[in-house]
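K.L.:
In my numbering, the protein residues as written are 4 to 296.
Each residue gets a CB set at the ideal place from its N, CA and C atoms; glycine is no exception.
Small disclaimer: the values here were computed from a predicted structure and weren't measured.
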């Protein structure tokens, strides 16, 4: 706790160093009482570029940076990749500087910054969320991200992760000497893809030529899923494959010694897609409706 406290105080000093001394103590105390994400440390451009690459940011994306600091992530996304978005930062001086820089670069219509608590930010529009916050703050934010972001949204973090929510991808590399962060020689960027909520009991219908009905039970731990399937009140059998990436789901199971393979998309309380049937019956369509969460 002491170490975290002094890190937070250091961020305040860095962020407010340009203020008159008469205002410094009061302003620092006010911001310090609200900030829990850690000290403000500018993100090197090489890390910003890797975060945007990992997030596959493009012109159709809306990027939300939580704890945006000097705004470099959203500014880079807007200027280099033509994306839109906004940054959320508790320090009004940093927000002022970020908005001024957006106007200077001619991207004020695509990039904006606001003084706000990250827990109160409206992140529902985001297709990509970026973060550079301490582990405690990451864990505190995890429920908000999972509840408010659309399935398939990419979440990218520098150095810190979400505990037992395993990343879908990560990349660690040696940082060039001139771009080291507080002397740290290595950097890691993590990527998560927000999973759809699929746990529960589903009624699965397979179209002709199969015309079969199944009871599908799915268990979920973030993007990791498993489950069982039963037909005609027969004994449930374990799925031989179960995979979830955003709203894209893949499941497979055996019927009479042959394999049924399903791929599709999740949309709230329903799923649908195409299936490759066992026994040489070819491809068909399938759908499922959740009957119990």
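Is it true that the CB of residue 225 sits closer than 8 Å to the CB of residue 130?
P.N.:
The sequence position of residue 130 within the chain shown is 127, counting from 1. The sequence position of residue 225 within the chain shown is 222, counting from 1. Against a cut-off of 8 Å, the Cβ pair of residue 225 and residue 130 comes out as no contact.
K.L.:
Secondary structure at residue 226, three-state DSSP: helix, strand or coil?
P.N.:
As a first step, residue 226 is located in the chain shown; it is residue number 223 there, counting from the start. Three-state result, residue 226: coil.
K.L.:
Is there contact here, the stretch 107-120 with the stretch 135-151, by at least three beta-carbon pairs under 8 Å?
P.N.:
Because the criterion of three Cβ pairs below 8 Å is not met, the stretch 107-120 and the stretch 135-151 do not touch.
K.L.:
Does the stretch 148-168 touch the stretch 202-215, meaning 3 or more C-beta pairs lie closer than 8 Å?
P.N.:
Output reads no: the stretch 148-168 does not touch the stretch 202-215.
K.L.:
Give the straight-line distance between the Cα atoms of residue 302 and residue 115, rounded to the nearest whole angstrom.
P.N.:
Absent from the model: residue 302. The displayed extent of the chain is 4 to 296, so no value can be given.
K.L.:
Using C-beta distances below 6 Å, list every residue in its chain close to residue 124, excluding the 5 sequence neighbours before and after it, in chain order.
P.N.:
The residue you call residue 124 lines up with position 121 of the chain shown. Only 91 meet the Cβ criterion.
K.L.:
To which residues of the same chain is residue 234 closer than 6 Å at the C-beta, ignoring the five residues directly before and after it?
P.N.:
On the chain shown, residue 234 is found 231 positions in, with the first residue counted as 1. For residue 234, where only same-chain residues beyond five positions count, the Cβ hits under 6 Å are 217.
K.L.:
Pick out whichever of 48, 210, 67 and 103 has its Cα sitting closest to the Cα of residue 87.
P.N.:
Walking along the chain shown from the start, residue 87 turns up at place 84. Looking at the Cα atoms, 67 is the closest of the given residues.
K.L.:
Does the stretch 192-203 come within contact of the stretch 169-178, defined as at least 3 CB pairs closer than 8 Å?
P.N.:
The answer is yes - the stretch 169-178 touches the stretch 192-203, with three or more Cβ pairs under 8 Å.
K.L.:
For residue 155, which of 272, 58, 291 and 266 has the nearest alpha-carbon?
P.N.:
As a working note, residue 155 is residue 152 in the chain shown. Checked all of 272, 58, 291 and 266; the closest Cα to residue 155 is 58.
K.L.:
If we call anything under 8 Å between Cβ atoms a contact, is residue 210 one with residue 230?
P.N.:
The residue labelled residue 210 in the question sits at position 207 within the chain shown. The residue labelled residue 230 in the question sits at position 227 within the chain shown. Against a cut-off of 8 Å, the Cβ pair of residue 230 and residue 210 comes out as no contact.
K.L.:
Tell me the DSSP secondary structure of residue 137 in three-state form.
P.N.:
By one-based count along the chain shown, residue 137 stands at place 134. The answer is coil: DSSP assigns residue 137 none of H, G, I, E or B.
K.L.:
Let me know if residue 122 comes out buried or exposed under the rule of 16 or more other beta-carbons within 10 Å of its beta-carbon.
P.N.:
To locate residue 122, count along the chain shown from 1; it is residue 119. Exposed: under 16 other Cβ atoms inside 10 Å.
K.L.:
List the residues that DSSP assigns as beta-bridge partners of residue 264.
P.N.:
Against the chain shown, residue 264 aligns to sequence position 261. 255 and 279, per the DSSP bridge assignment.
K.L.:
Within its chain, find whatever has a CB closer than 8 Å to the CB of residue 277; leave out the 5 residues flanking it on each side and keep chain order.
P.N.:
Numbered from 1 along the chain shown, position 274 holds the residue referred to as residue 277. So the qualifying residues of the chain are 265, 266, 267, 286, 287, 288 and 289.
K.L.:
Return the Cβ separation of residue 144 and residue 78 in integer angstroms, given the expectation that the two are a contact with Cβ distance under 8 Å.
P.N.:
Here residue 144 refers to the residue found at position 141 of the chain shown. Here residue 78 refers to the residue found at position 75 of the chain shown. Actually they are not in contact, since the Cβ atoms of residue 144 and residue 78 sit about 22 Å apart, beyond 8 Å.
K.L.:
Nearest to residue 219 by CA position, among 197, 198, 243 and 212, is which residue?
P.N.:
To locate residue 219, count along the chain shown from 1; it is residue 216. Residue 219 has its Cα closest to that of 243, out of 197, 198, 243 and 212.
K.L.:
Excluding five sequence neighbours on each side, which residues of the same chain lie with their C-beta closer than 6 Å to the C-beta of residue 296?
P.N.:
Along the chain shown, read from residue 1 onward, the residue named residue 296 stands at position 293. Contacts found: 203.
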